[in-house]
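Take a look at the structure below.
Residue numbers (the UniProt record's numbering), protein chains in the order written: chain S, 1 to 467; chain W, 1 to 469.
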């Protein structure tokens with residue numbers, strides 16, 4: 001009765017990434033109402049700088065109230081459904097994007113296509129570039145949502161470019177080539193590479209070498225590059241952000257074929273913390289892509305009410321400069337907090353400089369170097385420490401034991417509490433292990449049993465009987 | 001290897017049809033009562049501009065709704081973070097109650113069966129993705145909204161097979177037309193997954209009758225297929241007979257919780273009733289949990305801005321306001337409709353009798369030089385370039401008979417509508433004058449005919465500014 005798309009679970013929403021969310025929803029932490037509930041650390045939201053936005057709104061009530069210089073613009077906006085987008089808004093966006101890149105690149109508003117969120121932008125680009133059955137190569141680990149956004153309704157495949165902890169998960173020439181060969185083995189036509197830069201879930205920006213390797217690869221194979229730069233405004237530490245456009249310009253590739261095969265995806269969901277407003281976009285040097293994507297944006301236009309509000313916010317350059325600077329400062333503080341606390345619990349993170357999360361190394365806590373052990377650890381962390389974090393397997397990481405932990409979507413107190421819980425859990429896990437190791441001899445069965453029981457009780461220490 | 005997809009490079013987006021070319025001409029030379037009084041008047045845009053004053057006045061009295069405040073407290077943060085594809089509960093509640101009210105409360109809707117999407121455009125495409133595989137087909141009665149060629153087919157790969165309707169019975173859907181369309185699909189090796197109707201109809205402006213709805217229910221029952229009822233114009237019914245929703249018919253026939261019940265889906269939007277196309281508010285309503293579930297996930301690709309959901313949840317919860325708005329709006333539409341049809345009658349042009357919508361389905365067959373679509377195109381161009389009115393030719397709506405045009409009446413001021421009607425009258429008069437002269441001066445009057453024709457030609461071009469084109 002229904003289509004295959006509707007019936008199968010190709011929407012990808014049965015992965016643990018989503019299961020953790022469901023557990024959280026049943027038992028969400030609240031500092032007053034439910035202090036032993038699950039703390040959400042799987043949601044990459046930026047909640048650190050709302051005060052700045054709220055204060056701006058309070059001083060600029062016109063923008064939300066749909067008036068301009070006291071005159072109502074309601075009618076004009078209510079009727080505005082032009083898929084070319086509100087000109088003022090696009091002009092402000094390209095300037096904002098340039099500023100994020102230290103003004104080392106300029107963007108042309110005519111090459112910008114507005115879409116209802118980066119989710120929509122990524123799917124639309126896929127529809128424009130690839131046929132059903134074609135493939136994109138993506139470096140692992142990658143954002144779990146891509147399995148739905150890039151593949152579900154488009155019929156396009158993802159072939160992973162395996163990255164490894166041995167070099168900090170950087171993309172190598174060899175990994176690119178291997179992925180390409182793998183696609184061929186699967187009889188898939190590779191149309192391009194999609195990178196997320198800064199990376200989700202790694203929280204790192206791509207180095208110039210990586211970008212150059214990628215460019216070389218795309219030139220050789222004559223394929224596209226999609227650079228999802230949704231986290232570009234969250235770079236809070238060195239090295240600084242290098243956009244794919246900057247890398248191309250530095251190599252003077254503006255007039256080559258590759259130039260028209262490189263596309264950027266952006267959104268205000270992470271940098272400004274406004275995922276509810278559905279503001280995404282595609283930037284492309286390829287006229288045909290801009291033209292087709294513009295028409296396709298009919299399926300997901302941004303509310304004119306929202307375009308207007310944001311055009312006003314972004315036109316206040318003093319505000320945006322201050323916002324971005326302050327926001328980055330706060331993100332860095334948070335990142336430093338979580339890294340220190342994890343270190344204190346004997347847990348290391350990948351050195352990061354961007355994003356709203358850390359890529360955490362818990363390999364030493366696995367009972368074995370397997371994804372089953374990773375799942376076991378993830379469940380322990382969910383049920384015993386009451387933390388919802390994202391297991392590396394859900395991000396297609398090729399090595400077990402890595403987890404993405406978000407740090408910008410809760411208060412400082414909540415973050416501190418979550419770190420205490422992790423420390424306590426790590427303590428228990430290590431005790432349990434030591435307990436197993438020291439009581440090997442057979443003559444101590446009853447002593448072992450009672451000791452094990454004691455250790456078990458200790459492990460269950462924070463468990464509320466009613467959970 | 002091709003660089004881009006076929007979808008991006010072919011023109012299967014359907015935007016090369018005249019429907020869009022007329023818009024382009026309009027954009028180059030748009031009418032403005034002060035700056036460009038002889039420009040092209042846009043009558044091809046089905047927008048409802050008649051009742052903004054009511055909305056503006058509500059906004060002025062309820063500044064909190066747009067100002068991100070609830071009971072005086074800022075909820076900006078909550079809204080900024082709200083991206084749950086289940087939608088803002090308060091908004092869905094207000095929306096289903098609004099939908100119910102439009103149907104005279106003869107049906108009630110469950111907000112858990114409602115999926116919000118960024119416009120009906122998104123809703124229709126999403127339903128296609130849920131109900132049909134690429135290569136399968138939906139049957140649509142002609143004439144139909146030209147946008148469906150893009151919305152239903154482009155990225156989904158689904159085909160449209162027309163259910164041919166004819167002026168002989170007011171373009172109503174008949175059993176034989178349904179059957180013929182089904183057979184036609186079989187001939188083309190297309191598996192039919194359902195029927196999609198627009199009720200009230202665009203471009204006809206008529207509500208689908210109970211008989212037709214019953215026929216449809218019988219048909220989809222017999223064939224085991226779906227029915228999508230795009231009820232985007234349901235709030236614009238300004239005259240009798242009243243609006244009968246497909247849900248009402250199913251309930252009257254005790255079809256609740258049957259298999260057929262689960263195969264009927266409604267599409268709605270606030271773009272026409274409330275005149276808010278810019279806000280991108282659409283919805284799918286379905287009794288099939290699997291459809292609701294899949295469509296909800298797919299709505300990720302086109303969610304409604306939480307800022308907009310909140311504003312409209314407050315507005316639609318104001319029942320006093322919505323009742324008054326709906327009734328006043330319908331009154332104004334009825335008045336405009338009357339203006340248009342009398343103005344056209346005065347020019348010897350008839351319309352299909354209609355009771356809804358933002359347009360009339362106008363019969364200009366008698367003005368065609370021949371009963372062909374070429375002649376229709378010729379007439380349309382004359383009307384566009386000479387009379388300077390952008391209207392929609394029936395062929396762009398897949399009408400099977402040449403000579404019908406959709407003319408919108410709710411997207412301009414009364415004065416502008418009057419001007420448009422004057423231009424039409426002048427045009428029609430000039431045509432009959434030309435015809436009369438041509439029959440009188442058949443044989444020896446070539447010279448006089450030529451100079452007279454020149455005068456008539458100048459008359460047609462009278463309002464054209466020499467300098468600007």
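No residue lacks a Cβ here, since even glycine has one placed at the ideal position from N, Cα and C.
With which residues is residue i paired in a DSSP beta bridge?
{"i": "residue 157/S", "result": "135/S"}
{"i": "residue 228/W", "result": "196/W, 265/W"}
{"i": "residue 286/S", "result": "Residue 286/S pairs with nothing; no bridge assigned."}
{"i": "residue 67/S", "result": "72/S"}
{"i": "residue 36/W", "result": "32/W"}
{"i": "residue 391/S", "result": "403/S"}
{"i": "residue 160/W", "result": "138/W"}
{"i": "residue 115/S", "result": "280/S"}
So with CB distances below 9 Å, who are the chain S contacts of residue i?
{"i": "residue 133/W", "result": "3, 4, 5"}
{"i": "residue 539/W", "result": "Since the first residue of chain W shown is 1 and the last is 469, residue 539/W is not available in this structure."}
{"i": "residue 472/W", "result": "Not covered by the structure: residue 472/W. The range shown for chain W is 1 to 469."}
Report yes if the CB atom of residue i is closer than 9 Å to the CB atom of residue j, and no otherwise.
{"i": "residue 191/S", "j": "residue 156/S", "result": "yes"}
{"i": "residue 229/S", "j": "residue 266/S", "result": "yes"}
{"i": "residue 292/W", "j": "residue 127/W", "result": "no"}
{"i": "residue 238/W", "j": "residue 334/W", "result": "yes"}
{"i": "residue 387/W", "j": "residue 356/W", "result": "no"}
{"i": "residue 162/W", "j": "residue 394/W", "result": "no"}
{"i": "residue 235/S", "j": "residue 354/S", "result": "yes"}
{"i": "residue 123/W", "j": "residue 268/W", "result": "yes"}
{"i": "residue 314/S", "j": "residue 320/S", "result": "yes"}
{"i": "residue 475/S", "j": "residue 8/W", "result": "In the structure displayed, chain S extends from 1 to 467; residue 475/S sits before or after that span and is not available."}
{"i": "residue 345/S", "j": "residue 422/S", "result": "yes"}
{"i": "residue 312/S", "j": "residue 62/S", "result": "yes"}
{"i": "residue 3/S", "j": "residue 324/W", "result": "no"}
{"i": "residue 217/S", "j": "residue 226/S", "result": "no"}
{"i": "residue 290/S", "j": "residue 4/W", "result": "no"}
{"i": "residue 199/W", "j": "residue 160/W", "result": "no"}
What does residue i reach in chain S if we use C-beta pairs closer than 8 Å?
{"i": "residue 42/W", "result": "What residue 42/W touches in chain S: nothing, since even the nearest Cβ is about 12 Å away."}
{"i": "residue 68/W", "result": "57, 64"}
{"i": "residue 291/W", "result": "2, 6"}
At a threshold of 8 Å, does residue i count as lining the ligand MN (C-beta to nearest heavy atom)?
{"i": "residue 257/S", "result": "Looking at this structure, you won't find the ligand MN or any other ligand, since it has none at all."}
Going along chain W in order, which residues have a C-beta closer than 7 Å to the C-beta of residue i?
{"i": "residue 298/S", "result": "121"}
{"i": "residue 72/S", "result": "56"}
{"i": "residue 275/S", "result": "81, 83"}
{"i": "residue 45/S", "result": "81"}
{"i": "residue 301/S", "result": "118, 119, 280"}
{"i": "residue 181/S", "result": "Per Cβ cutoff of 7 Å: no residues; residue 181/S is ~17 Å from chain W at best."}
Can you pull the chain W neighbours of residue i, defined as C-beta to C-beta under 9 Å?
{"i": "residue 117/S", "result": "83, 300, 301, 302, 303"}
{"i": "residue 292/S", "result": "4, 5, 7, 8, 9, 13"}
If the cut is a Cβ gap below 8 Å, which residues of chain W does residue i touch?
{"i": "residue 287/S", "result": "Neighbours of residue 287/S on chain W: none; closest Cβ ~11 Å, over 8 Å."}
{"i": "residue 50/S", "result": "76, 77, 80"}
{"i": "residue 309/S", "result": "307"}
So which residues of chain S does residue i contact, with C-beta pairs closer than 7 Å?
{"i": "residue 47/W", "result": "79"}
Below 8 Å, can you find three or more Cβ-Cβ pairs linking the region 109-126 of chain W to the region 80-100 of chain W?
-> yes
Taking a Cβ distance cut-off of 7 Å, strictly less, list which residues of the region 124-156 of chain W are near chain S, in chain order.
-> 125, 129, 130, 131, 132, 133, 155
Is the region 113-128 of chain S touching the region 278-285 of chain S in the sense that three or more CB pairs, one from each, lie closer than 8 Å?
-> yes
Three or more C-beta pairs closer than 8 Å, one from the region 308-323 of chain W and one from the region 90-105 of chain W: is that the case here?
-> yes
At least 3 beta-carbon pairs within less than 8 Å: the region 257-265 of chain S vs the region 83-94 of chain S = Short answer: they don't touch.
Counting Cβ pairs, one atom from each stretch, are 3 or more of them under 8 Å apart for the region 266-281 of chain S and the region 242-258 of chain W?
-> no
Cβ-based contacts, 9 Å cut-off: residues of the region 120-140 of chain S near chain W = 120, 123, 124, 126, 127, 128, 129, 130, 131, 132, 134
Touching by the beta-carbon criterion (3+ pairs, under 8 Å), the region 171-185 of chain W and the region 131-141 of chain W = yes
Are at least three pairs of beta-carbons, each pair with one atom in the region 137-147 of chain S and one in the region 192-208 of chain S, less than 8 Å apart?
-> yes
Pull out every residue of the region 303-327 of chain W whose Cβ sits closer than 8 Å to any Cβ of chain S, in chain order.
-> 303, 304, 305, 306, 307, 308, 311
Of the residues that make up the region 238-260 of chain S, which ones have a beta carbon closer than 7 Å to any beta carbon in chain W?
-> none
Short-range partners of chain S found in the region 367-398 of chain W, where Cβ spacing is below 9 Å | none
Please list the residues of the region 136-170 of chain S that have a C-beta atom closer than 9 Å to any C-beta atom in chain W, keeping them in chain order.
-> 145, 148, 149, 152, 153, 154, 155
How about the region 342-358 of chain W and the region 45-56 of chain W: do they share at least three Cβ pairs that are nearer than 8 Å?
-> yes
Report yes or no: do the region 391-403 of chain S and the region 60-77 of chain W share at least 3 C-beta pairs separated by less than 8 Å?
-> Verdict: no, contact absent.
Counting Cβ pairs, one atom from each stretch, are 3 or more of them under 8 Å apart for the region 281-301 of chain W and the region 316-333 of chain S?
-> no
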